[in-house]
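Structure first, commentary second.
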């Protein structure tokens, strides 16, 4: 009888020592298609996971703790967004479409926006040196085959990948054969999963350029522009690919290039300055 009581107490103690899940409440955020929502975090953003590709997210240019969000699709179905910051905290948001009254400027943990500290990103390498190598990449005659998309009278092409001093230089050409000006909303680089199970979250990591040569806001009708993007060197695992995304502002002529690691490995070394 005493043994039975002790066994029962021991079993109860084991149960009470088990881990218990604590629910993390999600904040609801209303976003729109034609306006950008800004969320300020107390620490630098380390990871972003969006539940749907109907949402566009990016860190504010040159800043590490401001996330910008907008809808890529009008009237999207409710989805979620998960953000992890440098202090190890996880933030969860439920995103709803509201074109009339989107929430424009938010700050987590009820920190007043005007008092929130802003974290600037660190630049890789010497800025002047990167600018000079970007010019070399621009004029380099060597090209790579493939890596282009041609739709809506817009041709988006990757025709050069170069490297020098741990910085990679991507040469991109946007050619507008139409008579309608192409206003650029964003041109961004992501590393994404090659295979995605249906209804699972999209895993992606954005690679931010340290410098952009010929960074124009629009491509006039019947004209073209050659960009050179300087990025910190990287390689891509076999189960992932590099997505280069070109989005038109207030338009639907969106383009994307998918680049495998085997093309990245064909990188051309630029001559030393």
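Residue numbers (the working numbering): 69 to 341.
We treat Cβ as the ideally placed atom computed from N, Cα and C, and that holds for glycine.
Alpha carbon to alpha carbon, how far is residue 314 from residue 323? Give it in angstroms, no decimals.
Start at 1 with the first residue of the chain shown, and residue 323 comes out as number 255. Start at 1 with the first residue of the chain shown, and residue 314 comes out as number 246. Whole-angstrom Cα-Cα distance: 5 Å.
So, with DSSP's three-state summary, where would you put residue 293?
The count along the chain shown starts at 1 and reaches residue 293 at position 225. In this structure, residue 293 counts as strand in the three-state DSSP scheme.
Inter-residue Cα distance where the pair is residue 288 and residue 175:
Indexing the chain shown from 1 puts residue 288 at position 220. Indexing the chain shown from 1 puts residue 175 at position 107. Cα-Cα distance, rounded: 38 Å.
Given this structure, state the Cα-to-Cα distance separating residue 99 from residue 310, to the nearest angstrom.
Walking along the chain shown from the start, residue 99 turns up at place 31. Walking along the chain shown from the start, residue 310 turns up at place 242. So the two alpha carbons sit approximately 27 Å from each other.
Near residue 211, which residues of its chain fall below 7 Å by C-beta distance, leaving aside the five closest residues on each side in sequence?
Reading the chain shown from its first residue, position 143 is the one you call residue 211. Hits under 7 Å: 227, 228.
Taking all protein chains shown into account, decide if residue 182 is buried (16 or more other Cβ within 10 angstroms of its Cβ) or exposed.
Mapped onto the chain shown, residue 182 falls at position 114. Caution applies to residue 182, whose pLDDT of 37 falls short of 50 and renders its modelled position unreliable; the value that the coordinates give is listed next. Counting Cβ neighbours within 10 Å, residue 182 comes out exposed, since fewer than 16 surround it.
In whole angstroms, what is the alpha-carbon distance linking residue 168 and residue 130?
The residue given as residue 168 occupies position 100 in the chain shown. The residue given as residue 130 occupies position 62 in the chain shown. Approximately 29 Å between the Cα atoms of the pair.
Determine the DSSP secondary structure at residue 258, reduced to helix, strand or coil.
In the chain shown, residue 258 corresponds to position 190, counting from 1. If DSSP states are grouped into helix, strand and coil, residue 258 belongs with the strands.
Does DSSP classify residue 200 as helix, strand or coil?
Here residue 200 refers to the residue found at position 132 of the chain shown. Residue state, collapsed to three classes: helix.
Neighbourhood of residue 115 by C-beta distance below 6 Å, restricted to the same chain and skipping five residues each side:
If you number the chain shown from 1, residue 115 lands on position 47. For residue 115, where only same-chain residues beyond five positions count, the Cβ hits under 6 Å are 152.
In whole angstroms, what is the alpha-carbon distance linking residue 245 and residue 159?
Indexing the chain shown from 1 puts residue 245 at position 177. Indexing the chain shown from 1 puts residue 159 at position 91. C-alpha separation (whole angstroms): 44 Å.
So, helix, strand or coil for residue 176, using DSSP?
In the chain shown, the residue the question calls residue 176 occupies position 108. Three-state DSSP puts residue 176 in a helix.
Measuring straight from C-alpha to C-alpha, what distance separates residue 185 and residue 286?
Position 117 of the chain shown, counted from the first residue, corresponds to residue 185. Position 218 of the chain shown, counted from the first residue, corresponds to residue 286. Any reading at residue 185 must be qualified, since the residue scores a pLDDT of 45, below 50, and its modelled position is unreliable; the value itself is stated next. Those two C-alpha atoms are separated by around 33 Å.
One question on the structure: do residue 117 and residue 147 come within less than 8 Å of each other, judged by their Cβ atoms?
Working through the chain shown from its first residue, we reach residue 117 at position 49. Working through the chain shown from its first residue, we reach residue 147 at position 79. Contact flag unset, no.
Secondary structure of residue 165, DSSP reduced to three states:
The count along the chain shown starts at 1 and reaches residue 165 at position 97. Note: residue 165 maps to strand in three-state DSSP.
What is the residue span of the alpha helix (DSSP H) that residue 332 lies within?
Walking along the chain shown from the start, residue 332 turns up at place 264. From DSSP, the alpha helix (DSSP H) with residue 332 extends over 329–332.
Relative to the C-alpha of residue 305, which residue among 108, 327, 97, 109 is closest?
Position 237 of the chain shown, counted from the start, is the residue given in the question as residue 305. If we check each option's Cα against that of residue 305, 327 comes out closest.
CA-CA distance, residue 341 and residue 234?
In the chain shown, the residue the question calls residue 341 occupies position 273. In the chain shown, the residue the question calls residue 234 occupies position 166. For residue 341 and residue 234, the distance between alpha carbons rounds to 14 Å.
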